[in-house]
């Protein structure tokens with residue numbers, strides 16, 4: 036098993052670009068992860084990485100070994116998944132990612148209940164509003180709000196997700212409420228979700244003539260959607276959010292909907308996972324659990340009820 040663990044460390048170091056990050060992902064200290072890499076290089080008789088003070092990149096031998104080693108680990112995982120179907124209970128680690136808002140409000144509160152039902156499982160959850168590469172990042176399940184385009188992944192829809200444009204009353208008093216979509220392009224500060232290498236940003240509104248793409252702009256952008264909500268509450272601009280995410284603020288009047296006749300196009304709340312994970316009982320069970328309980332939590336939040344486990 037120590038050799039397999041070294042392979043796992045090596046693969047995650049290549050994928051994450053550093054020994055510290057690769058070790059942390061596997062819950063190992065940098066010293067232990069570095070030792071595993073050195074043992075692997077000694078065993079193979081080649082240098083696997085080019086090391087400088089600022090970067091760590093695989094050598095030609097390291098890149099070739101990564102490609103083949105990943106196939107080996109995937110084959111082992113597939114074999115374990117097949118055999119686990121004969122076990123009385125699913126076991127093992129499930130790596131999950133979700134956007135910050137939906138992760139905090141819906142997915143994270145569900146995790147303890149799943150682990151209580153299946154105590155031989157472990158959930159390792161990563162939350163980010165940035166786009167993730169499920170296969171490259173070694174993830175099992177990725178929750179999303181939007182429109183996925185990767186046809187190599189299996190998708191489970193949880194709910195249709197309405198979106199809303201809204202702003203604080205103080206902002207609207209200062210700048211006036213936009214009356215038509217074009218008003219967003221002049222005289223209004225749009226709060227934008229952006230991150231390095233994000234695609235060109237625009238808001239698509241649902242109008243009587245069909246979808247209308249607007250290349251909006253503003254003085255503030257962030258890669259955390261909750262930061263945008265905070266700025267909106269502080270009267271800094273207009274934000275484009277999933278309705279469930281700001282439902283409580285709309286009910287309280289802290290935020291006010293604008294352009295209700297031409298709202299942002301609705302999106303989908305769902306999850307993605309690799310096709311090869313279908314044979315893994317723990318992944319199937321987790322997805323089924325998350326879809327069932329995630330839909331219930333989503334509807335409660337939209338309706339103004341309490342969230343699971345008391346999380347607000």
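Residue numbers (my numbering): 36 to 347.
Quick reminder that beta carbons are idealized off the backbone N, C-alpha and C, glycines included.
Can you have a look at residue 308 and say buried or exposed, based on whether 16 or more other CB atoms are within 10 angstroms of its CB?
-> buried
In chain order, which continuous runs of the beta strand (DSSP E) of length 3 or greater are located wholly inside the segment 197-257?
-> 198-202, 225-228, 238-242 and 245-249
Report all residues from its chain with a CB closer than 8 Å to the CB of residue 260; omit the five preceding and five following residues, and keep chain order.
-> 134, 135, 136, 164, 228, 276 and 280
Label residue 243 either buried or exposed according to how many other C-beta atoms from any shown protein chain fall within 10 Å of its C-beta, with 16 as the threshold for buried.
-> exposed
Per the contact definition of three or more C-beta pairs closer than 8 Å, is the segment 199-207 in contact with the segment 62-78?
-> no
Put residue 173 into one of helix, strand or coil per three-state DSSP.
-> coil
When burial is assigned at 16 or more other CB atoms within 10 Å of the CB, is residue 41 buried or exposed?
-> buried
Is the CB-CB distance between residue 306 and residue 149 below 8 Å?
-> no
Which value, in whole angstroms, describes the spacing of the CA atoms of residue 53 and residue 211?
-> 49 Å
Spatially closest choice to residue 50 from 219, 103, 173 and 128, by CA coordinates | 173
Alpha carbon to alpha carbon, what distance is there between residue 290 and residue 284?
-> 5 Å
Report yes if the CB atom of residue 108 is closer than 8 Å to the CB atom of residue 47, and no otherwise.
-> no
Is residue 337 closer than 8 Å to residue 267 when the C-beta atoms are compared?
-> no
Is residue 296 helix, strand or coil when you go by DSSP?
-> coil
With burial defined as no fewer than 16 other Cβ atoms inside 10 Å of the residue's Cβ, what is the status of residue 82: buried or exposed?
-> exposed
Using 10 angstroms around the beta-carbon of residue 153, count the other beta-carbons present and answer buried if the total reaches 16, otherwise exposed.
-> buried
Could you have a look at residue 133 and say whether DSSP puts it in helix, strand or coil?
-> strand
Which word fits residue 206, buried or exposed, when buried means at least 16 other C-beta atoms lie within 10 angstroms of its C-beta?
-> buried
Cut-off 7 Å between Cβ atoms - residues of its own chain near residue 347, not counting five sequence neighbours on either side = Note that residue 347 scores 33 on pLDDT, short of 50, meaning its location in the model is unreliable; the coordinates nonetheless yield the value given after this. No residues qualify anywhere along the chain.
Are there 16 or more other CB atoms within 10 angstroms of the CB of residue 248, so buried, or fewer, so exposed?
-> exposed
List the endpoints of the continuous beta strand (DSSP E) containing residue 277.
-> 273-277
Report the three-state DSSP secondary structure of residue 168 (helix, strand or coil).
-> coil
Look up residue 309 in the DSSP assignment and give the residues it is bridged to.
-> 188
Do you know how far the Cα of residue 209 is from the Cα of residue 223?
-> 10 Å
Across which residues does DSSP place residue 115 in a beta bridge pair?
-> According to DSSP, which records beta bridges pairwise, residue 115 is partnered with nothing at all.
Evaluate residue 158 with the Cβ neighbour count: other Cβ atoms within 10 Å of its Cβ, from every protein chain shown; 16 or more gives buried, anything less gives exposed.
-> buried
So residue 253 and residue 272 are in contact, right, with Cβ under 8 Å, and what is the actual spacing, rounded?
-> 5 Å
Quick one, are the C-beta atoms of residue 220 and residue 262 less than 8 Å apart?
-> no
Is residue 139 helix, strand or coil when you go by DSSP?
-> helix
Straight-line gap, residue 315 to residue 237 (C-alpha atoms, nearest Å) | 38 Å
Sequence-distant residues of its chain with Cβ nearer than 6 Å to residue 100 (five each side left out) | none
Output yes or no for whether 8 Å exceeds the beta carbon distance between residue 11 and residue 189.
-> What is shown of the chain runs 36 to 347, which leaves residue 11 out entirely.
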